[in-house]
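Residue numbers (the numbering used here): 59 to 541.
In this text, a Cβ means the ideal position worked out from N, Cα and C, and glycines have one as well.
Note sheet for the following structure.
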């Protein structure tokens, strides 16, 4: 694809250039090489996409649940058949290790399979009336045109997690994918189109000018639903604008997950779990643990074990066998890592491994950061209260249960939390007290297409996945009948 022929905008079933014909480059963060070009859409392109979605709505909403289910089921089969191809593209465009990319494509397909079934479970209820000559029934109907804004860190699964329930519910959509990963979005929509999604039902505007496209989406009275995954700061702004036209809003925002190791837990097992989840996607995951609290009786063993595990992690290009830490997404991300480490060291923390930017032989990418363990972190440090979104594990000791619960809850965020304990009473008691939308008990992956995903407080509104996931795209209509 050359800079002059980028056709990554999908409107009304047609792949197009931007109306301005402008483009922007897509680079591989590991090699710094340009791997493609994307159409740089703007407000006019977005308005056209909204119009196409609006024009296709009545026909799509009028299809049967079984018809919509069949298309999603077919998309699931196509995506699984292209798993290796899609994973290779993701690794090239986003940087994550190939094994992680393969897992993500499988996870993305899971949403297609799950909501193919949920489409057939959309139903209303009958409600008894106080009047003998009256009957009440409810209908579940699609909310209308959906604006979906997705992030770069999970560039395929975050699309299907939003688009699959929207399609299942009978909604039409306009997607704005992240500017850093537009090619993954193109490949995902190609799967859905090939599966039989009609023209105009799915539309997409790729852009490097997020505000121009995002503002057009949230300000349009035609768009009746906003679904967004990204930073808390941006999510708050979009949600505020969306409420001006009383849109339905679901936003999945930042996280600052606590990871608590209790005195009855096995510190070695806990450290191994922390290493796996902390450095997933090079730490660029909203559910990544940012504050690791370890009971003082286990502190030294935990830090030693975690350090040894992290020392074994290999940094490099995601295509290289054995690599588990890829590049960070951009220079700004690396600068943030350096700032957090420097601040922590100045205030008394210890680096037991890593702590600095690294260069990988043979690669031109400059955004590699060594997987790092910071011990003896305190509340005065920047990393204690600021989301890291990178490969730094911040560890600190604690002495008592009430103390650690209070510290864990002392955050504006409330997405995910982790608890390691061998005592059932502790697990239940602490889980109930943690003000987070999801809690993993001796479990570092409390997510699935069949389970609700989402947070509380500044981590978001609404849930994605599970049977709750489709509710975000449905309105309830009450019908009263006199008999």
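Apart from sequence neighbours up to five positions away, the residues of its chain that approach residue 271 with a beta-carbon distance below 8 Å are 99, 100, 101, 103, 104, 234, 263 and 265, ordered along the chain. Contact check between the segment 392-399 and the segment 448-457: three or more CB pairs, one atom from each, fall below 8 Å, which counts as touching. In this structure, DSSP gives residue 230 an extended state, which the three-state scheme calls strand. The secondary-structure analysis by DSSP pairs residue 273 with nothing; it has no beta-bridge partner.
With respect to residue 471, residue 462 sits apart: the two C-beta atoms are not nearer than 7 Å.
Distances from the CA of residue 78 to each of 86, 301, 63 and 370 were compared; the closest alpha carbon is that of 63. Taking a cut-off of 8 Å for Cβ pairs, the segment 371-385 and the segment 317-327 do not touch, as fewer than three such pairs fall below it. Separation of residue 416 and residue 202 (C-alpha to C-alpha, rounded to the nearest whole angstrom) is 48 Å.
By the neighbour-count criterion, in which 16 or more other beta carbons inside 10 Å mark a residue as buried, residue 529 falls on the buried side.
For residue 69, no alpha helix (DSSP H) run applies; the uninterrupted beta strand (DSSP E) run containing it begins and ends at 67-69, by DSSP. With 16 or more other Cβ atoms inside 10 Å of its own Cβ, residue 441 counts as buried. Of the other Cβ atoms in all chains shown, fewer than 16 fall within 10 Å of the Cβ of residue 420; this residue is therefore exposed. Taking a cut-off of 8 Å on C-beta distances, the segment 241-256 does not touch the segment 483-501, as fewer than three cross pairs fall below it.
When the five nearest sequence neighbours on each side are left out, the beta carbons in the same chain lying within less than 6 Å of the beta carbon of residue 423 are those of 87, 88, 89, 90 and 385, in order along the chain.
Three or more beta-carbon pairs drawn from the segment 121-135 and the segment 169-181 are found closer than 8 Å, and the two stretches are therefore classed as touching. Linking residue 283 to residue 311 through their CA atoms gives a straight-line distance of about 17 Å. The straight-line gap separating the alpha-carbon atoms of residue 71 and residue 252 is approximately 11 Å. By the Cβ neighbour-count rule, residue 226 is buried, with 16 or more other Cβ atoms within 10 Å of its own. With fewer than 16 other CB atoms across the displayed protein chains lying within 10 angstroms of its CB, residue 189 is exposed. Here residue 74 has 65 and 67 as same chain residues with Cβ atoms under 6 Å from its own Cβ, once five neighbours each way along the sequence are excluded. Take the alpha-carbon of residue 307 and the one of residue 366: they are about 44 Å apart. A residue is called buried when at least 16 other Cβ atoms come within 10 angstroms of its Cβ; residue 108 meets this threshold and is buried. Secondary structure of residue 314 (DSSP, three-state): coil. Distances from the alpha-carbon of residue 301 to those of 279, 291 and 317 put 279 closest.
Exposed is the label assigned to residue 414, since fewer than 16 other Cβ atoms lie within 10 Å of its Cβ. Here the C-alpha atom of residue 369 lies approximately 20 Å from the C-alpha atom of residue 156. Three or more beta-carbon pairs drawn from the segment 511-528 and the segment 312-322 are found closer than 8 Å, and the two stretches are therefore classed as touching. The Cβ atoms of residue 439 and residue 402 sit closer than 7 Å to each other. Between residue 342 and residue 161, the gap from beta carbon to beta carbon reaches 7 Å or more. In the structure shown, the three-state DSSP call for residue 110 is helix.
Looking at 507, 509, 158 and 479, the one whose alpha-carbon comes closest to that of residue 322 is 479. DSSP places residue 308 within a strand segment (E or B) once states are collapsed to three. In the DSSP assignment, residue 353 falls outside any alpha helix (DSSP H) and within the unbroken beta strand (DSSP E) covering 347-353.
Look at residue 529 here: in three-state DSSP terms it is helix. In this structure, residue 296 keeps its C-beta atom at 7 Å or more from the C-beta atom of residue 281.
Selection 431, 97, 477 and 126 evaluated against residue 317 yields 477 as nearest (Cα-Cα).
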